[in-house]
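Student:
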Amino acid sequence: MATISERVEDAAYVTVGFAVLAFQQAQVRRRELERQLAELGDIVDEHGDDLEGRLPEAIGTLLAAARAVLSGDPAP
4 MATISERVED AAYVTVGFAV LAFQQAQVRR RELERQLAEL GDIVDEHGDD LEGRLPEAIG
64 TLLAAARAVL SGDPAP
């Protein structure tokens, strides 16, 4: 028959085992989150590059429209 000290020792081992499993699961989730954030960063960079390429044209159009309004010319 197991003594109280043996049961406490077994419980401690089980607790440590669960803690190790929880830590490993947290590492797996962290790595998955890092991968997802890296993918998201690539998408943001891609869209940022696209926007940067189109921005001068959009600003030019906006400035032309603003000048037309300020000069009293009808909008094109």
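Take the sequence shown: its position 1, counted from the start at 1, is 4 in our numbering, and no numbers get skipped. Ideal Cβ placement from N, Cα and C applies to all residues, glycine included.
DSSP three-state label for A15, please.
Tutor: Numbered from 1 along the sequence shown, position 12 holds the residue referred to as residue 15. DSSP places A15 in helix when its eight states are reduced to three.
Student: State the DSSP-derived secondary structure class of D45, mapped to helix, strand or coil.
Tutor: Counting from one through the sequence shown, the residue named residue 45 turns up at place 42. Three-state result, D45: helix.
Student: According to DSSP, is A67 part of a helix, a strand, or is it coil?
Tutor: Counting from one through the sequence shown, the residue named residue 67 turns up at place 64. Helix, per DSSP.
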